[in-house]
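Asks: Protein sequence lines correspond, in order, to chains A and B. Sequential numbering of the first sequence, starting at 1, is according to the numbering used here. Sequential numbering of the second sequence, starting at 1, is according to the numbering used here. Don't be surprised by glycine CBs; every beta carbon is placed ideally from N, CA and C. Dumping the structure here so I can ask a few things about it.
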Amino acid sequence: MSGTALDPKTAPTFQIAAKTMLGDTQLRKNVRHATDVIQAKRARVVGEMPDWQELREAGKQIRQHTMEHLDYYLQEFEANCTRAGGVVHWAKDAEEARRIIVGLVKASRSDEVIKIKSMTTEEIQLNSALEAAGIHPFETDLAELIIQLGQDRPSHIVVPALHKNRQQIREIFQREMNLPELGEKPQDLADAARMFLREKFLRVKTGVSGANFLIAETGGVCVVESEGNGRMCLTLPETLITVAGIDKVLPRFEDLEVMLQLLPRSATGERMNPYNSIWTGVDASDGPKAFHVVLMDNARTSILADAEGRQTLNCIRCAACQNACPVYRQTGGHAYGSVYAGPIGAILTPQLQEMHHSQSLPYASSLCGACYEVCPVKINIPEVLIHLRNKVVLQNTAGVAGLFDVEAGAMKAMAMIFRSERRFRAAQRLGRVAESPLVKKDGWIGWLPGMLGGWTQVRDLQEMPKETFRDWWEKRGKNGR
Amino acid sequence: MCQEVVLRVALFITCYNDTLFPETGKSVVRVLERLGHTVEFPAGQTCCGQMHYNTGYQAEAMPLLERFVAQFRDAEAVVVPSSSCVAMMRDHYPKMAHEIGKAELTVEVERLLPKVFEFSEFLTKRLGLEDVGAYYPHRVTYHASCHGLRNLGLGDGPMRLLKAVRGIDLVELQGLEQCCGFGGTFAVKNAEVSSAMLAEKTTAVLNTKAEACTACDNSCLMHIQGALHRQRTGVKTVHLAEILAGDEGVAR
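In structure tokens, the structure reads:
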């Protein structure tokens with residue numbers, strides 16, 4: 001599970017990857033423990049808000065309004081950021097974003113960068129592009145540092161190393177920082193990371209960040225974090241390069257009032273993030289002298305064009321849905337084959353790939369709705385999952401190959417059966433005949449063929465009763481009831 | 001909400017209850033008739049379309065919506081002993097009708113949906129009842145199916161019905177809000193993960209030392225029962241309607 005980046009184009013299907021994860025006892029224990037802890041904290045700080053549902057609705061309205069007028073707010077952001085001394089670049093896809101960023105780093109005459117935790121840079125696999133260009137990226141978020149040193153991959157949007165426990169982190173630090181005597185207390189590990197990172201903060205002249213929010217009204221950029229390492233990266237370098245998806249924009253500064261209540265409570269179960277950084281352009285007296293923003297599309301406009309999938313873009317990356325998801329809690333994030341795991345990943349990743357990869361992701365959900373319940377901006381994830389399942393079916397049943405799709409054949413046959421009471425009753429009778437060779441003496445089925453075998457691998461199935469309800473009802477009517 | 005009024009209740013049994021769980025349907029009839037209401041069964045009913053819709057076969061689900069409306073349009077109230085089928089109708093039928101594009105169908109769906117109730121919901125919300133005169137002398141735990149809990153907002157309705165049952169020893173299930181892992185075709189498409197989720201649920205059920213696990217949805221119960229039987233635990237599953245149908249004169 002190490003080394004290669006999470007890439008939907010090459011990842012195995014969710015079903016196959018999940019099987020491996022389910023066999024990893026340590027990982028499952030770590031994921032369950034971490035998600036339990038975060039969920040409990042979230043429930044506590046959400047529970048103390050009397051207007052939480054109104055806040056969620058406000059969050060939804062702000063995001064929806066922004067998406068409906070995205071072009072306007074992006075141009076407003078560009079104008080205001082430029083006026084404040086920032087340089088705005090536009091990238092239509094990951095490739096172009098990487099090229100722009102590599103060019104900007106080179107122009108800053110640095111062969112190293114310090115990085116703030118950013119899922120967008122993970123999405124575009126920026127680190128490997130930087131390395132290929134001879135630039136060494138240093139992750140400075142503690143969790144991302146663990147991932148980088150351990151040659152691992154992020155498994156959670158907010159807590160990328162959530163699948164690792166303290167002992168495993170200690171082993172990585174001992175090995176990679178050459179600290180054989182390192183203890184396993186949290187302060188030991190934090191001390192080691194601090195010593196390791198301080199030197200980079202002071203030396204490296206170029207920083208790369210993502211963004212939580214871009215504020216159209218002011219041209220400002222907002223990043224929230226817990227450690228303060230991000231603040232170091234935003235203030236110490238001479239050149240700062242921010243890359244953000246075009247979905248990150250907010251219309252007004254005061255929209256942060258809503259978002260900065262929703263986000264920390266949903267993400268880490270905190271009332272407020274310990275570090276909230278907002279900067280606007282450059283200032284001659286302090287901070288970076290050069291500031292660039294790369295605004296990246298990378299399929300977001302195609303998501304925007306889809307009326308039912310559009311709400312996916314409202315996401316503010318809090319990961320509450322991951323913590324709440326009973327599927328994610330069993331498998332962890334790597335099974336999703338994308339930096340965006342869990343329920344939001346199951347809808348975002350396929351849309352970023354225009355469905356051609358990760359067709360299995362919309363099915364990686366029991367549609368239990370726990371994600372929708374906790375989403376701070378009320379994204380109806382189950383609804384989008386069902387919408388994307390429809391897209392998968394349409395893709396798979398198009399053309400001649402579709403005629404031979406076994407599942408589609410069965411589903412279409414069943415739909416025909418349900419369209420007639422007579423056919424439905426015949427199918428009920430036929431089912432009893434068909435199952436009879438499989439029914440054991442005790443009246444239970446312990447083995448089913450083909451796809452249905454998934455059921456009987458851990459479950460039995462009771463044989464069909466001799467009489468359907470409607471048979472009973474008719475008989476009862478004839479007997480004078 | 002007056003109990004004195006006699007209602008003409010149309011039963012939508014659902015395709016899988018009709019075929020696999022007829023006892024649930026009989027129990028619904030028994031409870032409703034015991035309460036003095038009249039039960040009707042529109043003969044042309046089949047399936048609400050949930051399996052097709054949720055698996056991505058939207059086009060196939062559309063005619064089933066029209067069929068449901070044709071069968072139940074004149075009902076005074078429609079009772080459905082399956083929370084997920086009711087959730088399917090409430091969450092998706094208005095949008096589907098709009099997509100089909102027949103103006104009168106949209107109107108009919110809007111008119112019909114407020115009359116459609118999940119069984120426990122019909123008792124607690126439409127009739128305003130808790131005690132339906134049931135007797136069930138067994139240790140029982142209640143599983144809140146996700147669609148009932150989240151989509152229908154059943155809340156503690158089913159528990160209040162159960163608490164009023166004479167003789168029952170009701171014990172709370174740990175992790176009530178956790179999905180059992182059924183999820184329709186999810187159980188076969190993602191059998192491994194579904195099994196892992198199921199293992200947590202059956203562990204919780206066994207920890208209660210209950211004789212039976214009940215719910216408002218036989219689909220979750222079929223899944224839970226499948227594992228409880230495979231492990232020969234001796235614990236059974238039983239639909240809420242079958243518990244409420246029990247009375248002192250009926251051997252259960």
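Name the residue from A:244, A:145, A:397 whose alpha carbon lies nearest to the alpha carbon of residue 196 (chain A).
Replies: Measuring from the Cα of residue 196 (chain A), the nearest candidate turns out to be A:145.
Asks: Identify whether residue 156 (chain B) lies in helix, strand or coil by the three-state DSSP scheme.
Replies: Coil.
Asks: Taking the alpha-carbon of residue 451 (chain A) as reference, which of B:217, B:211, B:241, B:189 has the nearest alpha-carbon?
Replies: Here the closest residue by C-alpha is B:189.
Asks: With a Cβ-Cβ cutoff of 8 Å, do residue 35 (chain A) and residue 329 (chain A) count as a contact?
Replies: Result yes, Cβ atoms of residue 35 (chain A) and residue 329 (chain A) sit closer than 8 Å.
Asks: Nearest by alpha-carbon distance to residue 143 (chain A): which of A:327, A:257, A:229, A:39 is it?
Replies: Nearest option by C-alpha distance: A:229.
Asks: Suppose you measure from the CA of residue 247 (chain A) to the CA of residue 273 (chain A); what does that come to, to the nearest Å?
Replies: In a straight line, the C-alpha of residue 247 (chain A) is about 21 Å away from that of residue 273 (chain A).
Asks: Go through the stretch 53–107 of chain A residue by residue and report every complete run of the alpha helix (DSSP H) that reaches 4 residues or more, in order.
Replies: Taking only runs of at least 4 residues, the alpha helix (DSSP H) segments lying wholly in the stretch 53–107 of chain A are 70–83, 94–107.
Asks: Rounding to the nearest angstrom, what Cα-Cα distance links residue 314 (chain A) and residue 296 (chain A) in this structure?
Replies: Spanning the two alpha carbons is a distance of roughly 16 Å.
Asks: Using only the alpha-carbon positions, how far apart do residue 229 (chain B) and residue 460 (chain A) sit?
Replies: Approximately 6 Å, taken between the alpha carbons.
Asks: Where does residue 169 (chain B) sit, in a helix, a strand or coil, going by DSSP?
Replies: In the structure shown, residue 169 (chain B) sits in a strand (DSSP, three-state: E or B).
Asks: Give every residue of the same chain whose Cβ lies closer than 8 Å to the Cβ of residue 261 (chain A), excluding the five residues on either side of it in the sequence, and list them in chain order.
Replies: Excluding positions up to five away in sequence, the list reads 49, 55.
Asks: If you measure beta-carbon to beta-carbon, which residues of the stretch 173–205 of chain B are closer than 9 Å to chain A?
Replies: The residues in question are 177, 178, 179, 180, 181, 182, 183, 184, 185, 186, 187, 188, 189, 190, 191, 192, 193, 194, 195, 196, 197, 198, 199, 200.
Asks: Ends of the alpha helix (DSSP H) at residue 229 (chain A)?
Replies: Residue 229 (chain A) -> alpha helix (DSSP H) spans 229–235.
Asks: Quick test of your reading: residue 173 (chain A) and residue 217 (chain A), contact by CB under 8 Å. State the CB separation rounded to the nearest angstrom.
Replies: Between residue 217 (chain A) and residue 173 (chain A) the Cβ distance is about 43 Å, and since that is not below 8 Å, they are no contact.
Asks: Whole angstroms is fine: what's the gap from residue 280 (chain A)'s alpha carbon to residue 235 (chain A)'s?
Replies: Between residue 280 (chain A) and residue 235 (chain A), the C-alpha separation is close to 12 Å.
Asks: Would you mind telling me which residues of chain A sit closer than 7 Å to residue 47 (chain B), beta carbon to beta carbon, in chain order?
Replies: Within 7 Å Cβ-Cβ: 418.
Asks: Quick one, are the C-beta atoms of residue 44 (chain B) and residue 421 (chain A) less than 8 Å apart?
Replies: Yes, these two residues count as a Cβ contact at 8 Å.
Asks: Taking 8 Å as the CB-CB limit, is residue 349 (chain A) close to chain B?
Replies: Chain B, which has no Cβ nearer than 8 Å to the Cβ of residue 349 (chain A), makes this no.
Asks: Using CA coordinates, which residue listed in B:40, B:60, B:62, B:47 is at the minimum distance from residue 77 (chain B)?
Replies: Checked all of B:40, B:60, B:62, B:47; the closest Cα to residue 77 (chain B) is B:40.
Asks: Name the residues in the stretch 438–456 of chain A whose C-beta lies less than 7 Å from a C-beta of chain B; which are they?
Replies: So the list reads 444, 451, 452, 454, 455, given in the order they occur along the chain.
Asks: Can you tell me the Cα-Cα spacing of residue 349 (chain A) and residue 434 (chain A), whole angstroms?
Replies: Cα to Cα, residue 349 (chain A) sits roughly 40 Å from residue 434 (chain A).
Asks: List the DSSP bridge partners of residue 220 (chain A).
Replies: Looking at the DSSP assignment, residue 220 (chain A) forms a beta bridge with A:215, A:280.
Asks: Select from B:17, B:12, B:115 the residue whose C-alpha is nearest the C-alpha of residue 221 (chain B).
Replies: Closest option to residue 221 (chain B), Cα to Cα, is B:17.
Asks: Put residue 444 (chain A) into one of helix, strand or coil per three-state DSSP.
Replies: Three-state result, residue 444 (chain A): strand.
Asks: If you count every other CB in all the chains shown that lies within 10 Å of the CB of residue 403 (chain A), and 16 or more means buried, which is it?
Replies: Label assigned to residue 403 (chain A): exposed.
Asks: Assign residue 12 (chain A) to one of two classes, buried (16 or more other C-beta atoms within 10 Å of its C-beta) or exposed (fewer than that).
Replies: Residue 12 (chain A) is exposed by the Cβ-count criterion.
Asks: Could you check the C-alpha separation between residue 224 (chain B) and residue 20 (chain B) for me, to the nearest Å?
Replies: Cα to Cα, the separation comes out at about 15 Å.
Asks: Which residue from A:436, A:175, A:170 puts its Cα closest to that of residue 188 (chain A)?
Replies: Of the candidates A:436, A:175, A:170, the one whose C-alpha sits nearest the C-alpha of residue 188 (chain A) is A:170.
Asks: Smallest Cα separation from residue 133 (chain B): which of B:141, B:65, B:36?
Replies: Of the candidates B:141, B:65, B:36, the one whose C-alpha sits nearest the C-alpha of residue 133 (chain B) is B:36.
Asks: Can you tell me whether residue 462 (chain A) is helix, strand or coil according to DSSP?
Replies: Three-state result, residue 462 (chain A): strand.
Asks: Residue 30 (chain A): which of A:119, A:164, A:462, A:286 sits nearest, CA to CA?
Replies: Residue A:164 is the option with its Cα nearest to residue 30 (chain A).
Asks: Just to check my reading of the structure: residue 290 (chain A) and residue 239 (chain A) have Cβ atoms closer than 8 Å, yes? What is that Cβ distance to the nearest angstrom?
Replies: The Cβ separation is near 4 Å, so the contact holds.
Asks: Closer than 8 Å, CB to CB, is residue 294 (chain A) near chain B or not?
Replies: Not one chain B Cβ lies under 8 Å of residue 294 (chain A).
Asks: What does the Cβ neighbour count give for residue 447 (chain A), buried or exposed, with the cut at 16 atoms within 10 Å?
Replies: It counts as exposed.
Asks: Considering only their Cβ atoms, is the gap separating residue 320 (chain A) from residue 42 (chain A) smaller than 8 Å?
Replies: Result yes, Cβ atoms of residue 42 (chain A) and residue 320 (chain A) sit closer than 8 Å.
Asks: Taking CB distances under 8 Å as the criterion, tell me whether residue 52 (chain A) reaches chain B.
Replies: No, no contact with chain B.
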